[in-house]
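Peer 1: In our numbering, the protein residues as written are 154 to 285. Provided herewith is a single structure, encoded as structure tokens, for subsequent inquiry.
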């Protein structure tokens, strides 16, 4: 029994290291843009939105011309738009959206999703460096 216990005890520090490494979350990609999904609030009518649209269009065009909106799309369900903002973090993206007329009259909700480089590519590149 004692002879079985010694090999097990010598492996415990290694097992702890492996378990700790497995519980560490993978690194997050650096945020290079923020995807913003804009949706009309529940109960908001198209007429309410259309009253604000001329000012909203001018403001979003200004963001686009200033390089802050890199891409924009209409939602397929007709309930809003999707912006890809050139923003370094969520706070910067929220500040940009809070300046828009539809936000100022509280007609829309936002979902913010930070995005960045595809992380598996880094591990692929690290594997290539080892081959050289």
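For each residue, glycine too, the CB sits at the ideal point set by N, CA and C.
In terms of alpha-carbon separation, which member of 221, 266 and 277 lies closest to residue 183?
Peer 2: The count along the chain shown starts at 1 and reaches residue 183 at position 30. Nearest option by C-alpha distance: 266.
Peer 1: So, helix, strand or coil for residue 244, using DSSP?
Peer 2: Here the question's residue 244 lines up with position 91 in the chain shown. In the structure shown, residue 244 sits in a helix (DSSP, three-state: H, G or I).
Peer 1: Expressed to the nearest angstrom, what Euclidean distance is found between the alpha-carbon atoms of residue 208 and residue 185?
Peer 2: On the chain shown, position 55 is the one that residue 208 refers to. On the chain shown, position 32 is the one that residue 185 refers to. The alpha-carbon atoms of residue 208 and residue 185 are separated by roughly 28 Å.
Peer 1: Short of 6 Å in beta carbon distance, which residues of its chain neighbour residue 232, apart from the five on each side in sequence? Order them along the chain.
Peer 2: Walking along the chain shown from the start, residue 232 turns up at place 79. Counting only Cβ-Cβ distances below 6 Å, and skipping sequence neighbours, we find 192 and 193.
Peer 1: Using only CA atoms, which one of 190, 279 and 274 lies nearest to residue 230?
Peer 2: Within the chain shown, the letter at position 77 stands for residue 230. That would be 190, whose Cα lies nearest to the Cα of residue 230.
Peer 1: Between the beta-carbon of residue 236 and the beta-carbon of residue 188, is there less than 9 Å?
Peer 2: On the chain shown, position 83 is the one that residue 236 refers to. On the chain shown, position 35 is the one that residue 188 refers to. Yes, Cβ-Cβ distance for residue 236 and residue 188 is below 9 Å.
Peer 1: Out of 241, 270, 197 and 211, state which residue places its alpha-carbon closest to the alpha-carbon of residue 254.
Peer 2: Start at 1 with the first residue of the chain shown, and residue 254 comes out as number 101. The candidate whose alpha carbon is nearest that of residue 254 is 211.
Peer 1: What is the DSSP secondary structure of residue 192, reduced to helix, strand or coil?
Peer 2: As a working mapping, residue 192 is identified with position 39 in the chain shown. If DSSP states are grouped into helix, strand and coil, residue 192 belongs with the strands.
Peer 1: With which residues is residue 264 paired in a DSSP beta bridge?
Peer 2: Along the chain shown, read from residue 1 onward, the residue named residue 264 stands at position 111. Residue 264 pairs with 190.
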